[in-house]
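Line by line, the protein sequences are chains W and P.
Here the working numbering runs 995 ahead of the position in the first sequence, where the first position is 1.
Here the working numbering runs 2 ahead of the position in the second sequence, where the first position is 1.
By construction, the Cβ of each residue, glycine as well, lies at the ideal position given by its N, Cα and C atoms.
If you're wondering where the values come from, they're calculated on a predicted model, not measured in any experiment.
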Amino acid sequence: MTKYIRTIAAGLLLSFASASCTDRFEEMNIDPNRVTLDDPAVAAGAANALFSSAISNGLMRAFEFQRVQALYVDLFSQHYATSAPYFNTDKYQMNQTWLNAGWNLFYPRDIANLATIINSENTTSNQKLIARTWKVFLFHRMVDMYGDIPYFNAAKPNEPEKYDSQQAIYDDFFKELKAAADGLDLTVTNSFDNKDVIYGGNTARWKAFANALGMRLVEISEGTAT
Amino acid sequence: MKRKLLLSMVLCLWMAGMATAQERKVTGRVTSSEDSQPLPGVSVIVTGTTTGTTTDAAGGYSISVPATETKLTFSFIGYLKEEVAVGSQTEINISMVQDVSTLNEVVVTALGVERSRKSLGYATQELQGKDLTDVRTPNLINNLAGKVAGVVINQGTQGPGASSRVVLRGDRSLLGNSQPLYVIDGIPIDNTQAGQVGEFGGSDLGDGIGNINPDDIESMSILRGATAAALYGSRAQNGVIMITTKKGAATKDLGISYGVSYSTESPMYDLNFQDQYAQGENGNYLFNNENSWGPKITGQSVEDWNKKTYSLASQDHVGSFFRRGSTLNNSLSINGGTEKTQLYFSATNLTSNGLVPNNQLNRTTLNLRGTVNLSSKLTFDSKITYLNQRIDNRPEGGEGPLNPYSNAIRMPSTVPDSELENYELVGGSGRASQNFFLGNSAIIANPYYVANRFKLREVRNRVIGLASATYKFTDKFSVLVRAGLDTYFDNDDRKVFSGAPLPLAGNSAGGDYRTSSRRVTEFNTDFLLTYNTKIAGDFALNLQGGGNLRRQVSSSSVQNAGGLDIPNFFNVTNGTNRVIGQGFGEKEVQSLYASGQFSYKEFLFLDVTARNDWSSTLPRSAWSYFYPSVSLSAVLSDIIALPQEVSYLKVRGSVAGVGNDTDPYRTVQYLSPSNGVVGTILTNEPTLTIGSRLKPERTRAFETGIEAKFLGNRFGFDFTFYRTNTFNQLATLPQSPTTGFTSQFLNLGNIQNQGIELLLNAKPLAGDFTWDVSLNYTRNRNKVIELDPDGKITNYGLGGNRIANIGAINGQRMGEITTRGFQRDANGAILINPNNGLPLTTANVYVGNANPDWLAGLNNAFSYKGFRFEFLIDGRFGGKVVSHTQAVLAGLGRMDYTLDGREGNLVVAGVRAATNPNGTLQVDDKGKNVPTAVANDRAVTAQGYWQNVGGRANPVGEAFTYDATNIRLRQFTIGYRLPVSLLGRTPFRNVNVSVYGRNLFFLLNRAPMDPEVALNTGLNGQGLDFYGLPSTRSVGVSLNVTL
């Protein structure tokens, strides 16, 4: 009897011990409701969806557009005026809240999303090049608005934070756009599937955009932009 | 019929007893020599055998004594063991004497192991079930307030079923959860707070401990320190509250108990509103204005928003809107068994009606516990508790139209209640809408409309179960195998009717519907080996080794049907703007632990524990973490000769470490989905995780104490000093957004809590008339020793809102409050802008800390024969509370203190700020204004002043900061137990009646509200009053009978 019960007890302990494996730990600690680009099964679709958010947010949603562009830059430059006494930007007064609104979301949301596409091993060459082109487009507006800003180490959390000169940033813009225009594989279309609401997956037009943006940046940098 | 059934069952059991024959039957009653009251639970054993029973609730017992045996042994915790020769007696009544010399009190410690109090190297405090049921609170844990040292409790304010914040020995977690682990019968339960109120509203969705039925609780053990908790692992770093529930006992008769209690609740305090000025601004009546800066009320005739004429009169909106709350609790339990099988069954229903109309909590709990001794070696114990809880229309908190209390207190006093009560109007199209003067406000609504046309229902079904088997290989060696389950399913429905203000109805005229569900499961499997032996002579050894496997799984889904197409048809399919969401979380922790207790001559005890956890939430390199504890206890009164007056003296000390993991999914950088214009879009999580470099969180604790009893048991004290440091905290650190992330999740910080706890007990009177006094005192000092490793962060934000920021300030404490404050000169005089007469303010003025400096509770209990009278005075000293409620009500001109200067003007006391020649204010290099020595003489209107200082957007919090010191009569009980002589001919063995009250009144309160009422029960809501419902005063009666 005692022997029998000892066997049961030993069995119970053993079954406990066999359940006590950390084999499942890594798998268990993966969130099923969120994704990463490291998972090849979803990487393609996930990159598209990331690009989608970079487009929609990068064009500045109404809220930030109003504060940074309309209420700030446009009033500052007297493109239009207001009689409301509390919109003080037309009197060349700083409004920290509005300034921060554009800044605080730009890096963590727009640039980090694009950096994820650019740095991933599971995105295609065309996806990376289009993302780099779009990144130049977004950054040039920031540089033009804020002047010297963090650029080379932007969205690189392990690198020291540093401000880069407009000159250096513009020089890099041209490199990036040239790389895109030269590198885009025109035989591959629909790089971001239906999420490319700008050119509908037409790679040739992205290449044209890279070239045209380059021209515009030349004009801006030479002060001849209209 | 039932009675017959019970009788026949008893008969069967009795006949079963007869079958073994050749035995004598002895019956009797055991009482306490001290007060002649019956002693339930006394163990009665046939001396020299293992045959035994325990006494029932009336102290009665019945035992069969084999012909060969001659003696009975009576033993009970805290009483001297009695041995009685049976002889030819068939009835043995004995009176047991309290054992004051050894005080061999038994307490339940970690893993449910019962140990004598004197052997413990750390402080614990016990409460009995009676302490939780004498005076009832919907969330039983609130009953700890004032009774237990080292505990700070803040109640949620959203009516019955609100969560409570319980902190043992100070806040230590920067991420927010410093609440203890709750363990019921050795099985941890889930205490998730599913929802929290924010400054703009939201719902407190209750917590886990609040569901537990106090009627089923036998005792509660509060293990405050990490040493006591080291064996419960990770979650025990904040302390453990152990609950032991009732079990069946082998008794002569069935024990049937029935208890009913009924109480009514009313607000504990009123706000002091002004009743002299009408709705409007600048002295003018305006029917569509939220302010109370209108004309003086003289009964003048005006038109309301429906063009009805009425005469202005001040009314008490809060009084007429609130109803009297009530709580009815019915509880039935049946308890009985034989020496082999014991059962306990209970059924309890609690119905609580809140102050807000249509707000109700209804909770039914069924509980079955069975213990079977299959042989002298094998025991099975199992329990299943099922509870169903429904909460209707839990009021929202914070500032918003869905908080009915906020609506009622903001309402100008002249708005006619008669019109508000008629809360809905039906328009020409047949569509109903809110009857209110600001029908589309996102801030204020008609409280009656909200109470009737904003329908919330939260239903929880919860099962807590346990099954365990203990096998005794020998007297010295045993094994326990146990499985425990806690699972609940919540279903919440939220209906906003058509015609509600659009901000509420999801900007749709048709109404809004949301249904959500949540399932939480925690599964624990344990084994525990125990080995007790006497090594040699005076040395004894008790070894335990065990393992635990814990799995926690939670899933949730929410379906939001915005804009109902067919108005008031609450079906998700009917929504025109449907948004669905889901969540999931899973973690597993595996543990192995061992503990050893070495004792010498029962006066020197050394405890060593060691535990290793493996948690799935940490990176591979940190899965495994180990932590030990050592404690020592010495009963000096047994070692050295002490004066006769000192009957007991013990010193103790311990050191412990605890490791902790985190939530699931913190090691990988994720992309989160949301709905975009062209399908799903993904966004980088703004919090960067350092992933594989995460380490487990650590707590290091030290405590020492001394416990003494004098003159027998008449006086005693228990003093504890403790220090805990919680470091390597897993928390988020803000960082520059240019890194691509707004914060980083990593190990940081070192929070220290250091304090003393003192318990004093005295029994000034003993005998027929007894008087017991106990006083507990707690003082905790929290210190932020380090925040981030680089020392860049000086104030770690714990929460912020329009009136105040709560933070952990480096070198100071957690819970520091900063608000907008007045600019002052060197003498403290307020700087006044000479151009408008208004005070000059500045942001980030430190006003104090949300935590009390010290707490004390004083309990007095008197008894005479069957009468009992007990009252508890509870005080909190120090700390501050900032009230957004007051800021807003002042800005609106609702408060009585806004009456000054209404006729004529106010001149704010202070000094003029210096001006430049052109009239603008001078500013120094720090951006501050410059004082002059000239007193202010520029007058302002009362409205101008209070709208500047108060108001909802950016109030001067300093003006609405109050000292949180308060002393209150926390509770009282007057009870009477009918004498046994009166019950002789009735079927009742025990009848108790009592009258009780809770939160009766303040003996001292410097704030205009209850300073214990906070915005929410999280870390970010402490020290803040944001339209919380007033605390309730409750007065009730109860009747308990035992058959």
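Which first and last residues belong to the beta strand (DSSP E) in which VAL591/P is found?
577-602
Rounded C-alpha distance that separates LEU800/P from ARG940/P:
40 Å
Roughly how many angstroms lie between the CA atoms of ARG695/P and VAL110/P, to the nearest whole one?
Put simply, the backbone Cα of ARG695/P is about 39 Å away from that of VAL110/P.
How would you call ASN1189/W, buried or exposed, if buried means at least 16 neighbouring beta carbons within 10 angstroms?
exposed
For THR669/P, which residues of its own chain have a beta-carbon under 8 Å away from its beta-carbon, when the five flanking residues on both sides are left out?
THR619, LEU620, PRO621, THR691, GLY693, SER694, LEU696
Proximal chain W residues relative to ASN375/P, where beta-carbon distance stays under 9 Å
Result: empty, since nearest Cβ-Cβ is about 15 Å, beyond 9 Å.
What residues from the region 575-587 of chain P come within 7 Å of chain W, judged by C-beta to C-beta, listed N to C?
Correct list: GLN584, GLY585, PHE586.
Interface flag, LYS995/W vs chain P, CB-CB below 8 Å
The structure shown has nothing for residue 995/W, since chain W only spans 996 to 1221.
Runs of alpha helix (DSSP H) lying entirely within the region 1014-1066 of chain W, each at least 4 residues, in chain order:
1020-1023, 1035-1053
Any Cβ of chain W within less than 8 Å of the Cβ of ILE805/P?
no
Please report the Cβ distance between ARG654/P and TYR124/P, rounded to the nearest whole angstrom; I am assuming they are in contact, meaning their Cβ atoms lie under 8 Å.
7 Å
Quick one: what does DSSP say ILE1/P is sitting in, helix, strand or coil?
Limits of chain P in this structure are 3 at one end and 1045 at the other, which puts residue 1/P out of reach.
Hey, would you say ASP217/P sits closer than 8 Å to SER348/P, going by beta carbons?
At the C-beta level, ASP217/P and SER348/P come within 8 Å of one another.
Distance, LEU651/P Cα to SER2/P Cα:
Summary: the structure shown does not reach residue 2/P, with chain P confined to residues 3 through 1045, and so no result is reported for it.
Along chain W, which residues have their Cβ under 9 Å away from the Cβ of ARG622/P?
Neighbourhood of ARG622/P in chain W, by CB distance below 9 Å: THR1017, PHE1020, GLU1021, in chain order.
Opposing strand residues paired with SER431/P [DSSP bridges]
The partner list for SER431/P (beta bridge, DSSP) is empty, contrary to what the question assumes.
Please give the ranges of any alpha helix (DSSP H) in the region 181-235 of chain P, keeping only runs that are unbroken, at least 4 residues long and fully inside the region.
Whole alpha helix (DSSP H) segments, 4+ residues: 228-231.
Is it buried or exposed for VAL936/P, if we count other Cβ within 10 angstroms and need 16 for buried?
exposed
For chain P, check one thing: does any of its Cβ atoms lie closer than 8 Å to the Cβ of TRP1093/W?
no
Spell out whether any CB of chain P is found under 8 Å from the CB atom of LEU1045/W.
yes
is_contact[TRP625/P, chain W] using C-beta, thresh 8 Å
Output row for TRP625/P: interface = yes.
Within 10 angstroms of its Cβ, does ALA733/P collect 16 or more other Cβ (buried), or is it exposed?
buried
Three-state secondary structure assigned by DSSP to GLY301/P:
coil
Leaving out five residues before and five after ILE1113/W in sequence, what residues of the same chain have Cβ atoms less than 8 Å from its Cβ?
Excluding sequence neighbours, ILE1113/W sits near LYS1123, ALA1126, ARG1127, LYS1130.
Which first and last residues belong to the beta strand (DSSP E) in which GLU85/P is found?
84-87
Which one or two residues does DSSP pair with ARG979/P in a beta bridge?
ASN994/P
In whole angstroms, what separates the C-alpha of PHE1147/W from that of LEU1208/W?
20 Å
Beta bridge counterpart(s) of THR33/P as assigned by DSSP:
PRO40/P, SER97/P
Excluding sequence positions up to five away, which residues of its chain have a Cβ less than 7 Å from the Cβ of ASN405/P?
Excluding residues within five positions, the ones whose Cβ falls inside 7 Å are GLY203, PRO397, GLU398, GLY399, TYR1029.
Can you find a C-beta in chain W that's less than 8 Å from the C-beta of GLU699/P?
no
Using C-beta distances below 6 Å, list every residue in its chain close to SER354/P, excluding the 5 sequence neighbours before and after it, in chain order.
PRO140, PRO162, THR329, LEU363
With a cut-off of 8 Å on the beta carbons, I'd call MET98/P and SER35/P a contact; round off their distance for me.
At roughly 6 Å, the Cβ-Cβ gap stays under 8 Å, so MET98/P and SER35/P are in contact.
In chain P, which residues lie with their C-beta within 8 Å of the C-beta of ASN1083/W?
Here the premise fails: no neighbours, minimum Cβ distance about 15 Å.
What's the gap between the Cα of TYR629/P and the Cα of ASN360/P?
50 Å
Could you work out which residue in GLN973/P, THR1034/P, PRO1013/P is closest to ASN145/P when comparing CA atoms only?
GLN973/P
Along chain W, in chain order, which residues have C-beta atoms closer than 8 Å to that of GLY742/P?
Residues of chain W whose Cβ lies closer than 8 Å to the Cβ of GLY742/P are, in chain order, TYR1102, PRO1103, ILE1106, ALA1107, ALA1110, ALA1149, ALA1150, LYS1151, PRO1152.
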